[in-house]
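Residue numbers (my numbering): 73 to 275.
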């Protein structure tokens, strides 16, 4: 497993937590630059646009909803399913370039076996499994919640509440690791404490 640079270890809030819930892209995986390139190419092919600032603002939002938001924002008519399919194909072509966020990988290594972990992502489960497999981390997570597993994505609390229910841990006993505002809003709405992972510019 390769790791990207991360200057400092994570500082966790005080509390007796019984489960750690991790976002994937930008949190466990330093994959946002690859996702941005994939989105940019796919959206351009379908006649749309996706500014970098908006890309980060929509971090954690399910992919189909992301295309719908872009259509609403820019007046385009990109087909959501076809655009997402193309974007995911472009991402998977470059998945071997993905590295782990070092501070998060260090935390996972240190805490694995002490309490259960879950991944809670806006990506499809197939993409989550491929990314975690590339990083050598798939076996660390007892629960994986992808976009197929909930009706309302981040910033709604449903994704994190779904993971807590599957782990059989009360929401208030879960600690969330997130890089995106939508994910942090989701965690707060679920009644969970959180740790923000600093975002890295895609440029």
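We treat Cβ as the ideally placed atom computed from N, Cα and C, and that holds for glycine.
Next on the checklist: So, does the segment 101-112 touch the segment 224-235, judging by three or more C-beta pairs under 8 Å?
Outcome noted: Proximity of the segment 101-112 to the segment 224-235 falls short of the contact definition, fewer than three beta-carbon pairs being nearer than 8 Å.
Item to check | 8 Å Cβ cutoff met for residue 128 and residue 238 | outcome: no
Item to check | Contacts around residue 255, its chain only, beta-carbon distance under 6 Å, and the 5 residues preceding and following it disregarded | outcome: 95, 132, 226
Next on the checklist: At the level of alpha carbons, what is the spacing between residue 207 and residue 165?
Outcome noted: 15 Å
Next on the checklist: Taking the alpha carbon of residue 245 as the reference point, which residue from 188, 199, 224 has its own alpha carbon closest?
Outcome noted: Considering only alpha carbons, the answer is 188.
Next on the checklist: Which residue marks the beginning of the beta strand (DSSP E) containing residue 94, and which one marks its end?
Outcome noted: 91-94
Checklist entry - What's the gap between the Cα of residue 90 and the Cα of residue 247? => result 8 Å
Checklist entry - Looking only at its own chain, which residues have a Cβ that is under 7 Å from the Cβ of residue 121, when we skip the five neighbours before and after it? => result 115, 146
Item to check | DSSP beta-bridge partners of residue 52 | outcome: Look at the range of the chain in this structure, 73 to 275, and you will see that residue 52 is not part of it.
Next on the checklist: By the three-class DSSP mapping on this structure, what secondary structure does residue 102 have?
Outcome noted: coil
Checklist entry - Since residue 194 contacts residue 135 with CB under 8 Å, what's their CB separation in whole angstroms? => result Under the criterion of beta carbons closer than 8 Å, residue 194 and residue 135 qualify as touching, at roughly 7 Å.
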